[in-house]
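Chemist:
Numbering (our numbering), first residue to last: 203 to 402.
1) Does residue 377 come out as helix, strand or coil in the three-state DSSP assignment?
2) Evaluate residue 252 with the Cβ neighbour count: other Cβ atoms within 10 Å of its Cβ, from every protein chain shown; 16 or more gives buried, anything less gives exposed.
3) Rounded to whole angstroms, what is the Cα-Cα separation between residue 299 and residue 361?
4) Would residue 327 and residue 345 be called neighbours here (beta carbons separated by less than 9 angstroms)?
5) What does DSSP give as the partner residue(s) for residue 278 in the beta ladder?
6) In chain order, which continuous runs of the beta strand (DSSP E) of length 3 or greater are located wholly inside the region 335-379?
7) Residue range of the beta strand (DSSP E) that residue 213 falls in?
8) Is DSSP giving residue 273 helix, strand or coil here?
9) Go through its chain and collect everything with a Cβ distance to residue 247's Cβ below 8 angstroms, but skip five positions before and after it.
10) Flag this pair as yes or no: are the beta carbons of residue 222 and residue 276 separated by less than 9 angstroms?
11) When we look at the beta-carbon of residue 209 and count the other beta-carbons within 10 Å, is it buried (16 or more) or exposed?
12) Roughly how many angstroms separate the alpha carbons of residue 293 and residue 304, rounded to a whole number?
13) Quick test of your reading: residue 354 and residue 376, contact by CB under 8 angstroms. State the CB separation rounded to the nearest angstrom.
14) Tell me which residues share the same chain as residue 399 and place their Cβ nearer than 7 angstroms to its Cβ, disregarding the 5 neighbours each side in the sequence.
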């Protein structure tokens, strides 16, 4: 079996986050028909793995098995050096059931204040997995380093973007033009690896 993504095919994006789905579509240059797990009413699986790679594979396989179609999953989050890598794989869970990322960003700030750390180093990780209904799964990972800033700045992007300044930039992901962010984000770096493995 040749593991390739054929342009024009439909891909299930294993997400209920419309912002993430739009980024995925843009990163694939509009060459694929993207339908989300949310649009297909697929339930979200429990993320029981301990790494971004493990959770991406779990979500992709779950969506592929339930939909019967090739599925792509992203597991991503922000890790803070002074918090021993937290929130990490729990980034979405820090936002609570209502996905309130203002709350999550405040929690990061409060934790740093509690331990009295001025270390603002952080990194975003994106693990991408593509799973076929009959079993095979390909996974890659991209990372961008930077530092945190408070209070949050900018209303672009989503998640923790307003507190993260990537290396080489003065603006947060929440302030940067989306085209600038997408030129070299953690997800873009992962997609470049994915394209090399499955498309080019």
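Just so you know, even glycine gets a beta-carbon here, dropped at the ideal spot from N, CA and C.
Small disclaimer: the values here were computed from a predicted structure and weren't measured.
Modeler: For this structure:
1) As a working note, residue 377 is residue 175 in the chain shown. Correct three-state label for residue 377: coil.
2) Indexing the chain shown from 1 puts residue 252 at position 50. The residue is exposed, with fewer than 16 neighbouring Cβ atoms inside 10 Å.
3) Counting from one through the chain shown, the residue named residue 299 turns up at place 97. Counting from one through the chain shown, the residue named residue 361 turns up at place 159. Straight-line Cα distance between these residues: approximately 14 angstroms.
4) As a position in the chain shown, residue 327 is number 125, starting the count at 1. As a position in the chain shown, residue 345 is number 143, starting the count at 1. Against a cut-off of 9 angstroms, the Cβ pair of residue 345 and residue 327 comes out as a contact.
5) Translated into positions along the chain shown, residue 278 becomes position 76. According to DSSP, which records beta bridges pairwise, residue 278 is partnered with 328.
6) 339-350, 366-368
7) On the chain shown, residue 213 is found 11 positions in, with the first residue counted as 1. Where residue 213 is concerned, the enclosing beta strand (DSSP E) stretches over 212-215.
8) Sequence index remark: in the chain shown, residue 273 carries index 71 (1-based). Reduced to three states, the DSSP call for residue 273 is strand.
9) Your numbering for residue 247 matches position 45 in the chain shown. 260, 261, 264, listed in sequence order.
10) Position 20 of the chain shown, counted from the first residue, corresponds to residue 222. Position 74 of the chain shown, counted from the first residue, corresponds to residue 276. Yes. Within cutoff.
11) Here residue 209 corresponds to residue number 7 of the chain shown, with the count starting at 1. The residue in question, residue 209, is exposed, as its Cβ has fewer than 16 Cβ neighbours within 10 Å.
12) For this step, residue 293 is matched to residue 91 along the chain shown. For this step, residue 304 is matched to residue 102 along the chain shown. In a straight line, the C-alpha of residue 293 is about 12 angstroms away from that of residue 304.
13) On the chain shown, position 152 is the one that residue 354 refers to. On the chain shown, position 174 is the one that residue 376 refers to. Going by Cβ atoms, the distance from residue 354 to residue 376 rounds to 6 angstroms, so yes, they are a contact pair.
14) Locating residue 399 in the chain shown gives position 197, where the first residue counts as 1. Excluding residues within five positions, the ones whose Cβ falls inside 7 angstroms are 340, 342.
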